[in-house]
Amino acid sequence: MRCNRRKFIKQCIALYGSLLLLPACDLKKGRQSFVSFTEEQAGCIGAICEQIIPTDEYPGALDAGVLNYIDKQLYQRFPEQKARYEAGVKAVNAYCKEILGKNFVALEWDVQTKVLQDMESNKLPEKYWQDISQSGFFWMVRQHTMQGFYGPPHHGGNKDYVSYRMMKLDYPFLVGQNRYGK
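Here the numbering used here is used: the first residue of the sequence shown is -14, the next is one more, and so on.
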């Protein structure tokens, strides 16, 4: 079988193009894969993030990609904080399972809110929080949620410039190019 150079190059380009498209195929059908979190951890952190910035007339934390932002930052920039997230998720889920009968993510909205209010104020039983401070965990997730929601999209959050649209800022945000107070 003889193949000329032109045909060989076309086949190579077609193969290369196919390989580039492979990551775009959704093999898990609607499931997002995480680098730093297990599915259980991602569900818990996502529910906390959505409590902090809930969906209203604008998309909330989950729709803005905040969970993706946190996952990416734990993998690329702050791997030392991964253990704090693991300890926090373990503690909050242990409390919720034992006292409320379900993981945090499965609780009703108002119950999640109360758990987070108690966590923020260090009012949850200390026996679950031996490895991390409950208020420290809450504030860490809160800060990362705000960064992911309001920060530049190239860091993994603020998908489709949702926070910029919410604040009625021009996007992409260019310092010196925005017109305020017209």
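All residues carry an ideal CB built from backbone N, CA and C; glycine is no exception.
For Leu52, the uninterrupted alpha helix (DSSP H) segment begins and ends at 51 to 61. Counting other Cβ atoms within 10 Å of its Cβ, Leu101 reaches 16 or more and is therefore classed as buried.
An exposed status is given to Asp95, since fewer than 16 other beta-carbon atoms sit within 10 Å of its beta-carbon. Of the residues Arg(-10), Glu65, Gln97, Leu154, the one whose Cα lies closest to the Cα of Ala32 is Gln97.
Three or more beta-carbon pairs drawn from the stretch 107 to 119 and the stretch 66 to 78 are found closer than 8 Å, and the two stretches are therefore classed as touching. Residue Cys29 holds the alpha-carbon nearest to the alpha-carbon of Phe122 among Phe134, Val20, Cys29. A distance of 7 Å or more separates the beta carbons of Val126 and Pro44.
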